[in-house]
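Shown next, in the form of structure tokens:
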């Protein structure tokens, strides 16, 4: 037969629950809570650097509450950290969506951070080539310049170019052919 102790009859007979010792200073509190806070932040953010930033920001914010009673530090710190983690999650989500190109908005693709713009040397070379083309166009007779500009640079079709120039499509072809020959010779000499 099992023997059991009698049940306590009053609250006075219950054993006292051990009180959690309050930290002596805010520095001691922050030093003690740091590792747990980091694990909490890292679980929410999934990145070590972001978690370290969140904990550090939360600890810095806690310094402003130094005058609060020590019993309020723990709930206050955890609420600050939780809000910081949520804020970083939201910002990361916005930042990733913002930089994602519109053609792959539906899929989970990596963000392409590469800059496809020409470098300084290539941009300089393009400006030089454009200046040479403009100079060569200025040297063409007016009708050839018009035919080349409308047909090639403005990408109009033959009929529209003919209407714009007030001539036949055959005349546009002739002016365009002569313009291309003159430009080719002019640009070959320049190079």
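Residue numbers (my numbering): 1 to 191. Heads up, the beta-carbon is just placed ideally off N, CA and C, and yes, glycines get one too. All values reported here derive from a predicted model rather than from experimental measurement.
Query	Result
Straight-line Cα distance separating residue 90 from residue 29	28 Å
Three-pair Cβ contact test at 8 Å for the segment 75-88 versus the segment 35-42	yes
Buried or exposed (CB count within 10 angstroms, at least 16 for buried), residue 58	buried
Nearest neighbour of residue 179, chosen from 134, 129 and 55 [CA to CA]	134
Nonlocal neighbours in the same chain, by C-beta distance under 6 Å from residue 46, ignoring five residues either side	none
Spatial neighbours of residue 27 in its chain, beta-carbon cut-off 7 Å, leaving aside the 5 residues before and after	none
Cβ contact check for the segment 162-172 and the segment 139-148: 3 or more pairs under 8 Å	yes
Residue 126 and residue 120 closer than 8 Å at C-beta	no
CB of residue 92 within 8 Å of CB of residue 54, strictly	no
Alpha carbon of residue 50 to alpha carbon of residue 60, nearest angstrom	15 Å
Own chain residues within Cβ distance below 8 Å of residue 136, not counting five before or after	182, 183, 186, 187 and 190
Cβ-Cβ distance between residue 176 and residue 138 below 8 Å	no
Three-way DSSP call (helix, strand, coil) for residue 68 in this model	coil
Helix, strand or coil at residue 58 [DSSP, three-state]	helix
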